[in-house]
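In what follows, a single structure is set out as structure tokens and then discussed.
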Amino acid sequence: MALHDLIDHYRRVDSPIHRLRTGPKFTAALVVVAVAVAVPLPAGWPWLGLLAAALVIAAGFSQLPPSFLVRRLLLLEPFVLGAAVLALFRPHGLSVFVSLLARSTLCLLAMILLSATTPFASLLRTIRDIGVPKILVSVLALMYRYLFVMIDEADRMRRARSSRTFKAGRARSWGASSGIIGQLFVRSAGRAERVYGAMCARGWR
Amino acid sequence: MTPAIEVRNLRFSYHDQKTALDGVSFSVAEGECVALVGPNGAGKSTLLQHLNGLLPEKFGPDPAVAIFGRPVSVESLEETHRKVGFLFQDSDDQLFCPTVYEDVAFGPQQFGGDGREISRIVRESLAKVGLEGFADRIPHHLSAGEKQRVCLAGILACEPSILVLDEPTSDLDPRSKRGLVALLKSLPVTKVIASHDLELVVQLCPRTILLDGGRVVADGATMRLLADEELMLRHGLEKPHSLQHLHPHGGG
């Protein structure tokens, strides 16, 4: 259940930001991302400062615990940093690095706020309404639905393993984990077939 | 009268060459409720999947299954899906949408229908299974019994004339099971139920088909078949408690 909460916990909190309609909220987040990405630097620093202030205020209203936001940010930041670090090897790399870091942190914050305060189903409806191809929306919907089923399945397998594991050891537990991951692939493939059958049975073509 | 389901000499083997169905024949009249029993690996699920065209993947020239007189083939597949509602054993396989509403609406949407009509159907279907107010719930927050009832609502929303249920009680606690029995009794459609739960069979199905090794071993009145202790034991089943004092050939 722990992982469920990590993904879905704060969607059920009630705050002014949670109550905002999904369409406008989605648009606002997109605007933040567009501005953060497109504004020229160094002239645009005040703009980025303004965005940062707006996001912090929004975060305050959203009643999300700051520790949650920071943890999320830290979880996603390495991906960005990986790309930004390369800039350090260029002439004037430091300023490029700093601007990349600032821009991406703002984008991430906007997306974290959006996703943590909006029911996923409602986000899906919004992106479908603005014309994202149906097949893509279906894939996202299925991913979201079966993520939890898979987490439960992995949890059960891990528990079953550890109930029969008598000697703990790092190497051994890595070995067991790789087995679980392999099993998950096999089971998911089987499930995919059954889900497809169920979709066909209700008229999917 | 045309039977609701007509199966004639159905043979099927999976890719691994193991024969799953070896010449199965039976027919089910409209409105009948028939149980399909047999040991693990008898071919029950395989047979059920033939009833609404999920199997075979490629249809031969001479279809062995007919629904209301119409052979199940590539051309009639959509009609078959519509007429035959299929309840899968694992609710998680069948509940594939992000919310309960969308899941129940899935069938009607596929078969075409306008928004207001669909939301009326969803509301009515959820009411039929006793889940009013569940429309916005997320499937992974539901209990096993609730998940299964949502699955049933999703099937009822397609307004099928035949219900095919694969082990409907395997995940349910006794209370949910009683609810399911009452619900199924209230639905006036043809039903085929595969189950190891012989008490359920006794409560719901006047007729039972016993399948073993891909063949129909016995086909007849539930009370007579299930009370035959020797027959039950020979095919990996057991006489249900409620029939313990009933002699197979009357008397009791």
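Chains A and B, in that order, are what the protein sequence lines are.
For the first sequence, my numbering assigns the number 1 to the initial residue and increments by one for each residue that follows.
For the second sequence, my numbering assigns the number 1001 to the initial residue and increments by one for each residue that follows.
From the three backbone atoms N, C-alpha and C, an ideal C-beta is built for every residue, glycine too.
Buried versus exposed, by CB contacts within 10 Å (16 or more), residue i
i                 : result
Gln1244 (chain B) : exposed
Tyr1014 (chain B) : exposed
Pro1160 (chain B) : buried
Gly60 (chain A)   : exposed
Ile130 (chain A)  : exposed
Leu86 (chain A)   : exposed
Gln1017 (chain B) : exposed
Gly1220 (chain B) : exposed
Thr118 (chain A)  : buried
Val37 (chain A)   : exposed
Met1232 (chain B) : buried
Ser104 (chain A)  : buried
Glu1102 (chain B) : buried
Ser1091 (chain B) : buried
Arg1046 (chain B) : Reading the sequence as shown, one finds Thr at residue 1046 (chain B) and not Arg. Thr1046 (chain B) is buried by the Cβ-count criterion.
Met1001 (chain B) : exposed
Leu1053 (chain B) : Inspection of the sequence shows that residue 1053 (chain B) is occupied by Gly rather than by Leu. The residue in question, Gly1053 (chain B), is buried, as its Cβ has 16 or more Cβ neighbours within 10 Å.
Ile112 (chain A)  : buried
C-beta neighbour in chain A for residue i, strict 8 Å
i                 : result
Thr1099 (chain B) : yes
Arg1082 (chain B) : yes
His1140 (chain B) : yes
Val1007 (chain B) : no
Asp1093 (chain B) : yes
Glu1124 (chain B) : no
Asp1197 (chain B) : no
Gly1154 (chain B) : yes
Phe1086 (chain B) : yes
Phe1327 (chain B) : Residue 1327 (chain B) lies beyond the stretch modelled for chain B, which goes from 1001 to 1252, so this question has no answer here.
Cys1205 (chain B) : no
Glu1078 (chain B) : yes
Gln1244 (chain B) : no
Cys1158 (chain B) : yes
Where the alpha helix (DSSP H) through residue i begins and ends
i                 : result
Ser1025 (chain B) : Counting along the chain, Ser1025 (chain B) falls outside any alpha helix (DSSP H), though it belongs to the beta strand (DSSP E) covering Thr1019 to Val1028.
Phe1044 (chain B) : In the sequence on display, residue 1044 (chain B) carries Lys and not Phe. First-last of the alpha helix (DSSP H) with Lys1044 (chain B): Lys1044 to Leu1051.
Leu147 (chain A)  : Lys134 to Ser163
Lys1191 (chain B) : Looking at the DSSP string, Lys1191 (chain B) is not in any alpha helix (DSSP H); the run it does join, the beta strand (DSSP E), is Thr1190 to Ala1194.
Arg211 (chain A)  : Past the edges of chain A, shown from 1 to 205, lies residue 211 (chain A), and the structure says nothing about it.
Ala29 (chain A)   : Thr22 to Ala38
Arg202 (chain A)  : Run containing Arg202 (chain A): none; DSSP gives neither H nor E here.
Thr126 (chain A)  : Phe120 to Asp129
Arg1234 (chain B) : Glu1229 to Arg1234
Ser981 (chain B)  : Nothing can be reported for residue 981 (chain B): it is not among the residues displayed for chain B, which extend from 1001 to 1252.
Arg19 (chain A)   : Pro16 to Arg19
Lys1147 (chain B) : Ala1144 to Leu1156
Beta carbon proximity, residue i to chain B, threshold 8 Å
i                : result
Met199 (chain A) : yes
Ala116 (chain A) : no
Leu184 (chain A) : no
Val13 (chain A)  : no
Arg145 (chain A) : yes
Val149 (chain A) : yes
Phe120 (chain A) : yes
Arg72 (chain A)  : no
Arg159 (chain A) : no
Arg191 (chain A) : yes
Leu48 (chain A)  : no
Arg187 (chain A) : no
Arg194 (chain A) : yes
Residue range of the beta strand (DSSP E) that includes residue i
i                 : result
Leu1211 (chain B) : Arg1207 to Asp1212
Cys1033 (chain B) : Cys1033 to Val1037
Phe79 (chain A)   : It is not in any beta strand (DSSP E) - Phe79 (chain A) instead sits in the alpha helix (DSSP H) that spans Pro66 to Ala87.
Interface partners of residue i on chain B, CB under 8 Å
i                : result
Gly206 (chain A) : The requested residue 206 (chain A) does not occur in the structure, where chain A is confined to residues 1 to 205.
Leu124 (chain A) : Pro1098
For residue i: DSSP bridge partner residues
i                 : result
Val1065 (chain B) : B:Val1007
Phe1012 (chain B) : B:Leu1021
Pro1071 (chain B) : B:Ala1066
Phe1106 (chain B) : Answer is none; Phe1106 (chain B) lacks a bridge partner.
Arg1215 (chain B) : B:Asp1212
Asp1093 (chain B) : For Asp1093 (chain B), which the question treats as bridged, DSSP gives no partner whatsoever.
Ile1162 (chain B) : B:Val1084 and B:Thr1190
Ala1221 (chain B) : B:Arg1207
Closer than 9 Å at the beta carbon, the chain B residues around residue i
i                : result
Val141 (chain A) : Correcting the residue type first, residue 141 (chain A) is Ala in the shown sequence and not Val. What Ala141 (chain A) touches in chain B: Phe1096, Cys1097, Pro1098 and Glu1102.
Under 7 Å from the C-beta of residue i: neighbouring residues of chain A
i                 : result
Gly1107 (chain B) : Arg202 and Gly203
Leu1054 (chain B) : Gly197, Cys200 and Ala201
Neighbour list for residue i in chain A, Cβ cutoff strictly below 8 Å
i                 : result
Phe1012 (chain B) : Correct list: empty, because the minimum Cβ distance to chain A is about 15 Å.
Glu1132 (chain B) : Chain A residues near Glu1132 (chain B): none, gap ~19 Å exceeds 8 Å.
Within chain A, partners of residue i - CB distance below 9 Å
i                 : result
Gln1110 (chain B) : Met199, Arg202, Gly203, Trp204 and Arg205
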